Amino acid sequence: MKLSADFSARNLSLILEKQVEGFNFADLTLNQNFKSRVLDVFPGGAWLSIGSKRLKTSSQSNILFIGEALTLVAKSSTKGIELRIVDRELKSKEDIPYKLESMGMSVQELSEKVVDSNFQEFSTENSIFKVLKSYYPFLEWASDLPYFRWEFDGGNAEGIYESKKESKKFLFRIQTKNTGRTIVLFLWKENSGEDLQINLAFDNLKMYLHACQNKEKFKQILAESLVSFQGYNLSYKPSLTRKEWNA
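Sequential numbering from 165 applies to the sequence shown in the numbering used here.
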């Protein structure tokens, strides 16, 4: 068996062949989520792990990334068994202390969940604000205001900044008609910001892919703004209010 993928149509389909033994469709439960990981990518495809098996995918264009963790669900179709991507995640290290699990919450609701993270003025926060302003020049904020909300043509955004003795946190959400919803969480506790953790979640697949493809450029922008960081976590999580997206 091998995986054949038409990534341009944003779906994965299984085609039964004989070169991979010990794996059959009975190993997959329909309509039940399961985990997979992207082991390698190559021109025209990628290798995925499903259970203990290493399976090959083929495609005309690659939109998977080495190390991506995929949540898949098996569906029955006229072509056999189709695998749909429920959500996907790419991170720089395994022990990211917090992940953005819900796209439907406000930043205040999400902020309440980010408590007691394992995360005091060269101002890391001002540098972070500077970086975000380079992406969203129409927004204004400052660290002396704990909560921000903006309404603008085509969308809205909000942010919340919290500074405690043991940790600091900046949570930012922006939603537009063209880019969907993006949530960014910065966590750190050291004055230098060297333990900074960056978490980004998207409900727009194109935005997620853009972030994965341009993560080195983003790291360079952070460095130019004197922002050092320990790790990042990028995730694609379709909103519960949206129709399921195939990837």
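Cβ coordinates follow ideal geometry from the N, Cα and C atoms, glycine included. For clarity, every value in this text was computed on a predicted model and none was experimentally measured.
Asked, Found
"Three-state secondary structure assigned by DSSP to Leu398", "strand"
"Rounded C-alpha distance that separates Lys220 from Asp204", "9 angstroms"
"At least three beta-carbon pairs within less than 8 angstroms, the segment 392-401 to the segment 346-365", "yes"
"Whether Ser331 touches Lys353 by CB criterion (8 angstroms)", "yes"
"Local conformation of Ser331 per DSSP, three classes", "coil"
"Euclidean distance between Cα positions of Lys199 and Lys370", "22 angstroms"
"Environment of Asp308 [buried if 16+ CB atoms lie within 10 Å]", "exposed"
"Span separating the alpha-carbon of Phe206 from that of Val348", "30 angstroms"
"Same chain, Cβ closer than 7 angstroms to Arg218, five either side skipped, listed in chain order", "Leu203 and Trp211"
"Residue of Phe229, Tyr299 and Phe366 minimising C-alpha distance to Gly209", "Phe229"
"Leu398 versus Glu304: straight-line alpha-carbon distance, rounded", "25 angstroms"
"Reference Ile249, options Lys333, Phe350, Gln196 and Leu335, closest by Cα", "Gln196"
"Minimum C-alpha distance to Glu149 - residue among Ala387, Ile338, Pro310 and Phe334", "Nothing about residue 149 can be read from this structure; the chain reaches only from 165 to 411."
"Asn290 in three-state terms, based on DSSP", "helix"
"Paired residues, beta bridge with Ile138 - DSSP", "Lying outside 165 to 411, the shown extent of the chain, residue 138 is not represented and no answer is given."
"For Leu386, the nearest candidate out of Glu246, Asp251, Ile227 and Thr288 (CA to CA)", "Thr288"
"Contacts around Tyr372, its chain only, beta-carbon distance under 6 angstroms, and the 5 residues preceding and following it disregarded", "Phe366 and Tyr400"
"Closest Cα partner of Asn342 within the set Ser298, Asn320, Leu192 and Ile324", "Asn320"
"Inter-residue Cα distance where the pair is Tyr300 and Asn290", "15 angstroms"
"Residues that DSSP places opposite Asp204 in a beta bridge", "Trp211"
"DSSP state of Lys303 mapped onto helix, strand, coil", "Checking the sequence shown, residue 303 turns out to be Leu, not Lys. In the structure shown, Leu303 sits in coil (DSSP, three-state: anything other than H, G, I, E or B)."
"Distance between Leu296 and Gln284 (C-alpha atoms, nearest Å)", "Its pLDDT being 37, under 50, Gln284 is placed unreliably in this model, and the coordinates cannot settle the point."
"Assigned secondary structure, Lys199 (DSSP; H/G/I helix, E/B strand, else coil)", "strand"
"Contacts around Phe316, its chain only, beta-carbon distance under 7 angstroms, and the 5 residues preceding and following it disregarded", "Phe302"
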